[in-house]
Amino acid sequence: AQTVTQSQPEMSVQEAETVTLSCTYDTSENNYYLFWYKQPPSRQMILVIRQEAYKQQNATENRFSVNFQKAAKSFSLKISDSQLGDTAMYFCAFMKPSNFGNEKLTFGTGTRLTIIP
Amino acid sequence: NAGVTQTPKFQVLKTGQSMTLQCAQDMNHEYMSWYRQDPGMGLRLIHYSVGAGITDQGEVPNGYNVSRSTTEDFPLRLLSAAPSQTSVYFCASSYDGQGVGNTIYFGEGSWLTVV
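Residue numbers (our numbering), protein chains in the order written: chain R, 1 to 117; chain V, 1 to 115.
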């Protein structure tokens, strides 16, 4: 079974600064997918960024980027030029792909990020 | 395109009552699932379905029942509500039959309180 660990329950950073959220995972699989989801106070789950394990290049989406270290089983999220709207709970998630469509997500316990004006 | 729609958004139940959380998606996804989110925890998988007529248990299935009679709908039934089932419930869908590692789309959540 896979496990996902987020060791930072809470973080805060000044607006416009850069912040990095940590995530480690444990798996014996070689091919898998990793995700960061954002959950604002509205509780909706919003996909932030996705990384395929077979790709060496780190994924980037505008101000969001990841540092994917496959050997170390580490998948951190970097938010640059942080904005007040980035205040949310952030979840790291692991998915083992399947040809049959039963692609289940395993979530970490989340990091509550607060952006300070 | 509505995506994943959950109803109701809020519900209060008395212990022992039964109810159904509805979930519908309009993306022709084959895979649908239900998660629950408790304070201080990530989402945990309750039940999932890989297509109409096919369902299976996830990590925390006890006290819940599901069925999948159509591709679009995947209702979650609480058979006899207990306070331990107070949680936020998320429905999700993915996989339109092409490729693997598809992005999973979530509904907006249903807040359930059992008193």
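Using N, Cα and C, we set each Cβ at its ideal position, and we do this for glycine too.
Just so we're clear, the structure is a prediction, and the values are computed from it rather than from any experiment.
Going by the DSSP bridge assignment, what does residue i pair with across the sheet?
i       : result
M89(R)  : Q39(R), R112(R)
E10(R)  : R112(R)
H47(V)  : W34(V), Q57(V)
L105(R) : M95(R)
Q57(R)  : For Q57(R), which the question treats as bridged, DSSP gives no partner whatsoever.
A24(V)  : T5(V), D73(V)
M19(V)  : L78(V)
V4(R)   : Y25(R)
Taking all protein chains shown into account, decide if residue i is buried (16 or more other Cβ within 10 angstroms of its Cβ) or exposed.
i       : result
Q57(R)  : exposed
I116(R) : exposed
P41(R)  : exposed
M41(V)  : exposed
A16(R)  : exposed
Q25(V)  : buried
D86(R)  : buried
F107(R) : buried
Could you check whether residue j and residue i sit closer than 9 angstroms to each other, using their CB atoms as the reference points?
i       : j       : result
I79(R)  : L113(R) : yes
S84(V)  : P8(V)   : no
S49(V)  : F90(V)  : no
F35(R)  : V48(R)  : yes
V114(V) : T86(V)  : yes
S22(R)  : Q39(R)  : no
V19(R)  : M11(R)  : yes
F91(R)  : Y25(R)  : no
V66(R)  : Q51(R)  : yes
When DSSP labels each residue in this structure, what does residue i get in the three-state scheme?
i       : result
L84(R)  : helix
Q125(R) : There is no way to answer for residue 125(R), as the model of chain R reaches only from 1 to 117.
Q85(V)  : helix
L79(V)  : coil
I79(R)  : strand
Y25(R)  : strand
Q51(R)  : strand
V12(V)  : strand
N67(R)  : strand
Using a Cβ-Cβ cut-off of 8 angstroms (strictly less than) and excluding sequence neighbours within five positions of residue i, which residues of its own chain qualify?
i       : result
Y105(V) : G3, V4, Q25, M27, H29, A92, S93, S94
T55(V)  : H47, Y48, S49, V66, S67, R68
So, for residue i: in the same chain, excluding its five sequence neighbours on each side, which residues have a beta-carbon less than 7 angstroms away from its beta-carbon?
i      : result
G63(V) : L78, L79, A82, Q85
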